[in-house]
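In full-length UniProt numbering, the protein residues as written are 1 to 243.
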Amino acid sequence: IQAAQETAQGKWDDQFVVDPFQAGAGTSHNMNTNEVIANRATLILGGDLGEYLVHPNDHVNMAQSTNDTIPTAIRLGCLWRLDELLEAVAQLVGALDQKSVKFDAVVKSGRTHLQDAVPVRLGQEFGAYAKAVERDIERIHRAADGLRRLGVGGTATGSGLNAHPEYHQRMVEQLSKQTGLELSASDDLFESMQSMADVADFSASMRTLAITLNRIANDFRLLSSGPATGLDEIMLPAVQPGS
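#1: Quick one: Cα of Ile216 to Cα of Ala73, how far?
#2: Need the endpoints of the beta strand (DSSP E) that Arg111 sits in, please.
#3: Span of the beta strand (DSSP E) holding Val118?
#4: Using 10 angstroms around the beta-carbon of Ile234, count the other beta-carbons present and answer buried if the total reaches 16, otherwise exposed.
#5: Please tell me whether Ile140 and Leu183 are closer than 9 Å, where the distance is taken between their beta carbons.
#6: Where does Pro56 land, buried or exposed, given buried means 16+ other C-beta within 10 angstroms?
#7: State the Cα-Cα distance for the pair Gly242 and Gly127, rounded to the nearest angstrom.
#8: Look up Ala130 in the DSSP assignment and say whether it is helix, strand or coil.
#9: Count the other CB atoms, across all protein chains shown, that sit within 10 Å of the CB of Ser203; report buried if there are 16 or more and exposed otherwise.
#10: Would you list the residues sitting across from Ala185 in a DSSP beta bridge?
#11: Taking all protein chains shown into account, do 16 or more other C-beta atoms lie within 10 angstroms of the C-beta of Arg142, making it buried, or fewer, making it exposed?
#12: Taking 9 Å as the threshold (C-beta atoms), are Phe21 and Val36 in contact?
#13: Does Ala90 come out as helix, strand or coil in the three-state DSSP assignment?
#14: Closest to residue 254 by C-alpha separation, out of Gly151, Glu173 and Ala185, would be which residue?
#15: Which residue marks the beginning of the alpha helix (DSSP H) containing Ile211, and which one marks its end?
#16: Hey, how far is the Cα of Tyr129 from the Cα of Leu96?
#17: Starting from the C-beta of Asp145, find all residues in its chain whose C-beta is less than 6 Å away, skip the five residues before and the five after it, and write them out in chain order.
#18: Anyone know if the C-beta pair for Val54 and Thr42 falls short of 9 Å?
#19: Give me the Cα-Cα distance between Gln9 and Gln178, rounded to the nearest whole angstrom.
#20: I need the straight-line Cα distance from Thr69 to Lys11, nearest angstrom please.
#21: Would you call the region 74–89 and the region 100–111 touching, i.e. three or more CB-CB distances under 8 Å?
#22: Do you know how far the Cα of Ser159 is from the Cα of Ala4?
#23: Taking 7 Å as the limit between beta carbons, can you name the residues of its chain near Ser186, skipping five residues before and five after?
#24: Kindly indicate the opening and closing residues of the alpha helix (DSSP H) around Ala4.
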């Protein structure tokens, strides 16, 4: 336990020598972790490096496999700082909402394909920006719920072979306790083993947010163009002198 805690605290980060991008679905990284913990535990017990009084496969990797460990780690990694991201994006929604109120009386031309269409209020445009980002937050929340279903304990194929019958549920509870994340046990370990759809869904929700933010930024750039020959409908604060 001491060896695992030290590793989790980053004390032995310099011993992780495998490249982040690797073949084998994370086997090299999983084994690197097992070996670091096993060697450290062996030293604590008075043994020598490589003596493996605590064995990387038989002891450290007991009741688990790369096939359930790495997908679980990916899910936890995606969720790890999600609250921090969503808090920042929520602040953006609030700022856009404030501008929608401030600019509500400003009437301007609405456009389709950059051609003048019908009048709109600038506040309505900013309100739409706020709503678009707010809906992206909702999408991310829905996608994140899928990541909370953990298949750890399914071992190599999803059957849970060589793991205690209670290992799956207890491991999820322990991970939730250790990380502070709201996690749940997958109701189908085979599906969790063979499918990365939850991760793809989450990735899609993040990409959708990025597309929305890029669209808003491009709108701001166009609307602030000028001042002599552009639209010059909004004014962005100066960042630095240019040439």
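Idealized CB from N, CA, C, for every residue including glycine. Note that the structure is predicted; figures quoted are calculated from it, not measured.
Taking the structure as given:
#1: What you label residue 216 is simply residue 216 of the sequence shown in a count that begins at 1. What you label residue 73 is simply residue 73 of the sequence shown in a count that begins at 1. Inter-residue distance for Ile216 and Ala73 is about 33 Å (C-alpha atoms, whole angstroms).
#2: Here residue 111 refers to the residue found at position 111 of the sequence shown. Secondary structure note for Arg111: its beta strand (DSSP E) is the uninterrupted segment Val107 to Thr112.
#3: The residue labelled residue 118 in the question sits at position 118 within the sequence shown. Start and end: Gln115 to Arg121.
#4: Counting from 1 along the sequence shown, the entry for residue 234 is found at position 234. By the Cβ-count criterion, Ile234 is buried, with 16 or more other Cβ atoms from all chains shown falling within 10 Å of its own Cβ.
#5: Here residue 140 refers to the residue found at position 140 of the sequence shown. Here residue 183 refers to the residue found at position 183 of the sequence shown. Ile140 places its beta carbon 9 Å or farther from that of Leu183.
#6: Within the sequence shown, the letter at position 56 stands for residue 56. Flag for Pro56 reads buried.
#7: Here residue 242 refers to the residue found at position 242 when the sequence shown is read from its first residue. Here residue 127 refers to the residue found at position 127 when the sequence shown is read from its first residue. About 31 Å.
#8: Within the sequence shown, numbered from 1, the residue matching residue 130 stands at position 130. The three-state reading of DSSP puts Ala130 in helix, counting H, G and I together.
#9: Numbered from 1 along the sequence shown, position 203 holds the residue referred to as residue 203. With a 10 Å radius around the Cβ and a threshold of 16 neighbouring Cβ atoms, Ser203 comes out exposed.
#10: On the sequence shown, position 185 is the one that residue 185 refers to. The partner list for Ala185 (beta bridge, DSSP) reads Leu150.
#11: For the purposes of this step, residue 142 is taken as residue 142 along the sequence shown, with counting starting at 1. By the C-beta density criterion, Arg142 is exposed, having fewer than 16 other C-beta atoms within 10 angstroms.
#12: For the purposes of this step, residue 36 is taken as residue 36 along the sequence shown, with counting starting at 1. For the purposes of this step, residue 21 is taken as residue 21 along the sequence shown, with counting starting at 1. No, they are not a contact pair.
#13: Taking the first residue of the sequence shown as position 1, residue 90 is located at position 90. DSSP places Ala90 in helix when its eight states are reduced to three.
#14: Any answer about residue 254 is impossible in this case: the structure gives the chain only from 1 up to 243.
#15: Counted from its first residue, the sequence shown places residue 211 at position 211. Bounds of the alpha helix (DSSP H) holding Ile211 are Ala197 to Leu223.
#16: Within the sequence shown, residue 129 is the residue found at index 129, counting from 1. Within the sequence shown, residue 96 is the residue found at index 96, counting from 1. Separation of Tyr129 and Leu96 (C-alpha to C-alpha, rounded to the nearest whole angstrom) is 7 Å.
#17: Numbered from 1 along the sequence shown, position 145 holds the residue referred to as residue 145. Cβ within range, chain order: n/a, list empty.
#18: Locating residue 54 in the sequence shown gives position 54, counting from the first residue. Locating residue 42 in the sequence shown gives position 42, counting from the first residue. Closer than 9 Å, so yes.
#19: The residue given as residue 9 occupies position 9 in the sequence shown. The residue given as residue 178 occupies position 178 in the sequence shown. The straight-line gap from Cα to Cα measures roughly 12 Å.
#20: Position 69 of the sequence shown, counted from the first residue, corresponds to residue 69. Position 11 of the sequence shown, counted from the first residue, corresponds to residue 11. Spanning the alpha carbons of Thr69 and Lys11 requires a straight line of approximately 21 Å.
#21: Judged by Cβ distances under 8 Å, the region 74–89 makes no contact with the region 100–111, as fewer than three pairs qualify.
#22: As a working mapping, residue 4 is identified with position 4 in the sequence shown. As a working mapping, residue 159 is identified with position 159 in the sequence shown. Roughly 26 Å separates the two Cα atoms.
#23: Here residue 186 refers to the residue found at position 186 when the sequence shown is read from its first residue. Cβ neighbours of Ser186 beyond the five flanking positions: Arg149, Leu150, Gly151 and Ser192.
#24: Here residue 4 refers to the residue found at position 4 when the sequence shown is read from its first residue. Unbroken alpha helix (DSSP H) run through Ala4: Gln2 to Ala8.
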